[in-house]
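Peer 1:
There are 4 protein chains.
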Amino acid sequence: MAQHQFTVRIRYSECDPMGIAHHASYPVWFEMGRTELCRSAGVAYRDMEELGAFIAVARLEVRYVHPIRYDDEVEICTTLERATRVKAIHAYRVLRAGLVVTTASTTVACVGPDGRPREMPEPLRRAMGVSEA
Amino acid sequence: MAQHQFTVRIRYSECDPMGIAHHASYPVWFEMGRTELCRSAGVAYRDMEELGAFIAVARLEVRYVHPIRYDDEVEICTTLERATRVKAIHAYRVLRAGLVVTTASTTVACVGPDGRPREMPEPLRRAMGVSEA
Amino acid sequence: MAQHQFTVRIRYSECDPMGIAHHASYPVWFEMGRTELCRSAGVAYRDMEELGAFIAVARLEVRYVHPIRYDDEVEICTTLERATRVKAIHAYRVLRAGLVVTTASTTVACVGPDGRPREMPEPLRRAMGVSEA
Amino acid sequence: MAQHQFTVRIRYSECDPMGIAHHASYPVWFEMGRTELCRSAGVAYRDMEELGAFIAVARLEVRYVHPIRYDDEVEICTTLERATRVKAIHAYRVLRAGLVVTTASTTVACVGPDGRPREMPEPLRRAMGVSEA
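Here it is as structure tokens:
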């Protein structure tokens, strides 16, 4: 489950009067990256919510290096950097035509329906390679 | 509870590469209009959700007459047109400097946590002037 | 260029506290449908903007029949209903597992950089099957 | 122009299936904070765009400490931390009922219509207290 890559085409509604993707559009693609990375390891995040486990974003950092435009096709590369029983750190790169246009990082934490920290359900821990020791 | 009016300033992120408010931004302001119309009648919509009553949009119609731009201040006028124990029809007008730039209409229905139609809770019915006959 | 169909997976950020796709998320998919319908006829909408022709939405109507949820895969079917040299009417259906969950319609008009109506550029007219008579 | 504070009420569409404000909603409020901080110093950002000066976000960092919910009223506090002739660093705090729920920081850069770095127009530099030495 180390890494996942998918293509997203920039939507008109994701762009702003500068004609480029608005900076608040990017975290949405990173979230898609986390979901797809999980799925590629056999875990549907939606099922985790039904088990009462929610993934809350605790930290977000983005470096916008080059702008991207409406209708551009970009690659979203998501890497799991580190995971414990309650937290995970992911790194992201956005590439257009092989050029890195954006880098980012998030820390997510597992919380219960009450918003309090809890362990990730076993399938999610396993998907993230967290040892059971 | 017939009518409510509030001012919204167009956000940069609500605008698109044409430099005008994206057409998908408007329904968000209409939803705010419904919320504020309820509040002005003494009902917080948030409390209704805690009673297990959700307001689902069943129909949306918008006529975009004149564009509006980033940083424009516009008035959102919300009118309750008709209400029954389960449904309500609202009309909306967006005005800039006294000129109607957009008109719209929605039908909303009350549903339970399972998504099935249910009666609005009593405070909401009362706020909407639905007779108890 | 009569019709186009594509699949979209519902994003977490497109859903609201009811756990379903927010009603303002749908117009974004319809816009994608129009873009892809054009592309399938050999015209990139992005190129039209570079020719000074912008597509403004003048009317939007949506009927939300059944809710859709985070991570659902739905089909967006876009049909060009009618086109003149300046306007076009499209119809949309959203299907999940073969069931129509939403229907919609838009009227779009071609405008110049100044926001005033203008003829669609020739490639766009041709893509829409508007006769040159 | 050191600091600005305004109140925002969390919109339904800004919240996600967890019932809390989605993490991608926050940068939009920070952008509003920058705009209002400029305005309080006598500069409308919209006018800067008409002078061919655009403010591009180069870096974004957010720490989400406590969640906030639909219909919550929160304070957005924006502080200009440092400014040069081409860049500015802002810090943000989101408070609910006096409690800091989120902190953030951005770096923005002034670019021309071509996306290349340029000096901020004089009114903007003055508003940011950049010395003319």
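Protein chains in written order, with numbering that gives the first Met the number 0: chain A, 0 to 132; chain B, 0 to 132; chain C, 0 to 132; chain D, 0 to 132.
Note that beta-carbon positions come from the ideal geometry of N, C-alpha and C, so glycine has one too.
All of these numbers come straight from a predicted model, not from anything done at the bench.
Pull the bridge partners of residue 81 of chain D from the DSSP assignment, please.
Peer 2: Its beta-bridge partners are D/88.
Peer 1: Note down the Cα distance separating residue 122 of chain A from residue 84 of chain A, rounded to an integer number of angstroms.
Peer 2: Those two C-alpha atoms are separated by around 11 angstroms.
Peer 1: Buried or exposed for residue 49 of chain A, going by 16 or more other Cβ atoms inside 10 Å?
Peer 2: Exposed, because fewer than 16 other Cβ atoms sit within 10 Å of the Cβ of residue 49 of chain A.
Peer 1: From B/51, B/100, B/87, pick the residue whose C-alpha is nearest to that of residue 120 of chain B; which is it?
Peer 2: The shortest Cα separation from residue 120 of chain B among B/51, B/100, B/87 belongs to B/51.
Peer 1: Report, in whole angstroms, the separation of the C-beta atoms of residue 1 of chain A and residue 106 of chain A, which I expect to be a contact under 8 angstroms.
Peer 2: Wrong, their Cβ atoms sit about 18 angstroms apart, outside the cutoff.
Peer 1: Going by DSSP, what residues sit across from residue 69 of chain B in a beta bridge?
Peer 2: In DSSP, residue 69 of chain B forms no bridge with anything.
Peer 1: Would a check of beta-carbon distances place residue 130 of chain B closer than 8 angstroms to chain A?
Peer 2: It does not: the Cβ of residue 130 of chain B has no partner Cβ on chain A nearer than 8 angstroms.
Peer 1: Is it a yes or a no for the segment 1-10 of chain A touching the segment 97-116 of chain A, going by three-plus beta-carbon pairs under 8 angstroms?
Peer 2: These segments do not touch.
Peer 1: Return the first residue and the last residue of the alpha helix (DSSP H) that residue 38 of chain D is part of.
Peer 2: Counting along the chain, the alpha helix (DSSP H) containing residue 38 of chain D begins and ends at 25-39.
Peer 1: CA-CA distance, residue 128 of chain C and residue 62 of chain C?
Peer 2: Cα-Cα distance, rounded: 28 angstroms.
Peer 1: Quick check on residue 113 of chain B: buried or exposed, where buried means 16 or more other Cβ atoms within 10 Å of its Cβ?
Peer 2: With fewer than 16 other Cβ atoms within 10 Å, it is exposed.
Peer 1: Can you tell me the Cα-Cα spacing of residue 109 of chain C and residue 31 of chain A, whole angstroms?
Peer 2: Cα-Cα distance, rounded: 33 angstroms.
Peer 1: According to DSSP, which residues form a beta bridge with residue 63 of chain C?
Peer 2: Residue 63 of chain C pairs with C/101.
Peer 1: Under the assumption that residue 54 of chain C contacts residue 95 of chain C (Cβ atoms under 8 angstroms), give the Cβ distance between them as a whole number of angstroms.
Peer 2: 27 angstroms between Cβ atoms; not a contact.
Peer 1: What is the rounded straight-line gap between the Cα of residue 40 of chain A and the Cα of residue 38 of chain D?
Peer 2: Between residue 40 of chain A and residue 38 of chain D, the C-alpha separation is close to 49 angstroms.
Peer 1: Counting only C-beta atoms, is residue 16 of chain C closer than 8 angstroms to chain D at any point?
Peer 2: Closer than 8 angstroms to some Cβ of chain D, the Cβ of residue 16 of chain C qualifies, so yes.
Peer 1: Cβ of residue 89 of chain C within 8 angstroms of Cβ of residue 33 of chain C?
Peer 2: Closer than 8 angstroms, so yes.
Peer 1: Within its chain, find whatever has a CB closer than 8 angstroms to the CB of residue 116 of chain C; leave out the 5 residues flanking it on each side and keep chain order.
Peer 2: Same-chain partners within the cutoff: 85, 108, 109, 110.
Peer 1: Going along the chain, which residues of the segment 73-106 of chain D sit with their C-beta nearer than 8 angstroms to a C-beta in chain B?
Peer 2: Listed by position, the residues of the segment 73-106 of chain D near chain B (Cβ gap below 8 angstroms) amount to none.
Peer 1: Any beta carbon from chain C within less than 8 angstroms of residue 69 of chain A's own beta carbon?
Peer 2: At least one chain C Cβ lies under 8 angstroms of residue 69 of chain A.
Peer 1: Taking 8 angstroms as the CB-CB cut-off, is residue 44 of chain A touching chain B?
Peer 2: Not closer than 8 angstroms to any Cβ of chain B, the Cβ of residue 44 of chain A fails to qualify, so no.
Peer 1: Cα-Cα, which of D/18, D/72, D/44 is closest to residue 126 of chain D?
Peer 2: The option with the nearest alpha carbon to residue 126 of chain D is D/44.
Peer 1: Which residues in the same chain have their Cβ closer than 8 angstroms to the Cβ of residue 4 of chain A, if we skip the five residues on either side of it in sequence?
Peer 2: So the list reads 74, 75, 76, 77, once near-sequence residues are dropped.
Peer 1: How is residue 108 of chain C classed by DSSP in three states: helix, strand or coil?
Peer 2: Residue 108 of chain C falls in the strand class under three-state DSSP.
Peer 1: Give the DSSP-derived three-state secondary structure of residue 116 of chain C in the structure shown.
Peer 2: Here residue 116 of chain C sits in strand by DSSP.
Peer 1: Can you pull the chain A neighbours of residue 27 of chain C, defined as C-beta to C-beta under 7 angstroms?
Peer 2: Within chain A, the residues near residue 27 of chain C are 10, 12.
Peer 1: Buried or exposed for residue 24 of chain D, please, with buried defined as at least 16 other CB atoms from any protein chain shown within 10 angstroms of its CB.
Peer 2: Result: buried.
Peer 1: Quick one: is residue 65 of chain D buried, meaning 16 or more other Cβ sit within 10 Å of its Cβ, or exposed?
Peer 2: Counting Cβ neighbours within 10 Å, residue 65 of chain D comes out exposed, since fewer than 16 surround it.
Peer 1: Under 8 angstroms between C-beta atoms, does residue 3 of chain B make it to chain A?
Peer 2: Answer no: the Cβ-Cβ gap between residue 3 of chain B and chain A never drops below 8 angstroms.
Peer 1: What's the C-alpha gap between residue 13 of chain B and residue 16 of chain A?
Peer 2: Answer to the nearest angstrom: the Cα atoms are 9 angstroms apart.
Peer 1: Which same chain residues, not among the five before or five after residue 60 of chain B, have their C-beta less than 8 angstroms away from its C-beta?
Peer 2: Taken in chain order, the residues that qualify are 103, 104, 105.
Peer 1: What three-state label does DSSP hand residue 94 of chain D in the structure shown?
Peer 2: If DSSP states are grouped into helix, strand and coil, residue 94 of chain D belongs with the strands.
Peer 1: Using beta-carbon positions only, say whether residue 29 of chain D and residue 91 of chain D come within less than 8 angstroms of one another.
Peer 2: For residue 29 of chain D and residue 91 of chain D, yes; Cβs fall inside 8 angstroms.
Peer 1: What residues from chain B crowd round residue 30 of chain D, counting only those whose CB sits closer than 9 angstroms?
Peer 2: What residue 30 of chain D touches in chain B: 10, 11, 12.
Peer 1: Return no unless some Cβ of chain B is closer than 8 angstroms to the Cβ of residue 61 of chain C.
Peer 2: Cβ-Cβ to chain B under 8 angstroms: yes for residue 61 of chain C.
Peer 1: Straight-line CA distance for residue 56 of chain B to residue 82 of chain C?
Peer 2: If you take the alpha carbons of residue 56 of chain B and residue 82 of chain C, they lie about 29 angstroms apart.
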